[in-house]
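Here the structure is laid out as structure tokens; the discussion comes afterwards.
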Amino acid sequence: TEFGYVEPVIVNSDMTIIGGHQRATVLTDLGYEEIDCIVIDIDKQKEKALNIALNKITGEWNKELLADLIADLQDSDF
593 TEFGYVEPVI
603 VNSDMTIIGG
613 HQRATVLTDL
623 GYEEIDCIVI
633 DIDKQKEKAL
643 NIALNKITGE
653 WNKELLADLI
663 ADLQDSDF
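The sequence shown begins at 593 in this note's numbering and counts up one residue at a time.
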């Protein structure tokens, strides 16, 4: 693209991708062996909530997975 790779992938401390799944896939397909990431350390419930928030901003919804995530967050009184 015109600007290159300018937005890092966000991962939890266990290297679970929270934001940037599509970027990571594209970069892997382009042959990148390493990509810039922002590493944060949050619990799994906050990880799910942040994933939803980030996808609301930039991604596309997988409605089935979204429903599962929301149900899980509701069950945990998040």
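We treat Cβ as the ideally placed atom computed from N, Cα and C, and that holds for glycine.
Kindly indicate which residue of the options has the alpha-carbon position closest to the one of residue i.
{"i": "Val603", "options": "Arg615, Ile630, Tyr624", "result": "Ile630"}
{"i": "Asp628", "options": "Asp669, Leu657, His613", "result": "His613"}
{"i": "Ala616", "options": "Met607, Thr608, Ser605, Val601", "result": "Val601"}
{"i": "Lys636", "options": "Lys655, Glu599, Leu665, Tyr597", "result": "Leu665"}
Below 8 Å on the Cβ atoms is my contact criterion, and I expect residue i with residue j to pass it. Report the Cβ-Cβ distance as a whole number of Å.
{"i": "Leu642", "j": "Ile662", "result": "Leu642 to Ile662, Cβ: 14 Å. No contact."}
Give the straight-line distance between the Cα atoms of residue i and residue j, rounded to the nearest whole angstrom.
{"i": "Glu625", "j": "Met607", "result": "15 Å"}
{"i": "Ile634", "j": "Ser605", "result": "8 Å"}
{"i": "Phe595", "j": "Glu639", "result": "29 Å"}
{"i": "Leu619", "j": "Asp669", "result": "36 Å"}
{"i": "Leu657", "j": "Ile644", "result": "10 Å"}
Between which residues of its own chain and residue i is the CB-CB distance below 6 Å, once the five residues before and five after are set aside?
{"i": "Lys655", "result": "none"}
{"i": "Leu646", "result": "Gly611"}
Determine the extent of the alpha helix (DSSP H) in which residue i is found, giving its start and end residues.
{"i": "Val618", "result": "613-621"}
Among residues of its own chain, excluding the 5 on either side of residue i, which ones have a beta-carbon nearer than 7 Å to its beta-carbon?
{"i": "Tyr597", "result": "Leu619"}
Looking only at its chain, what residues have a beta carbon closer than 8 Å to the beta carbon of residue i, apart from the 5 residues adjacent to it on each side?
{"i": "Glu599", "result": "Gly612, Arg615"}
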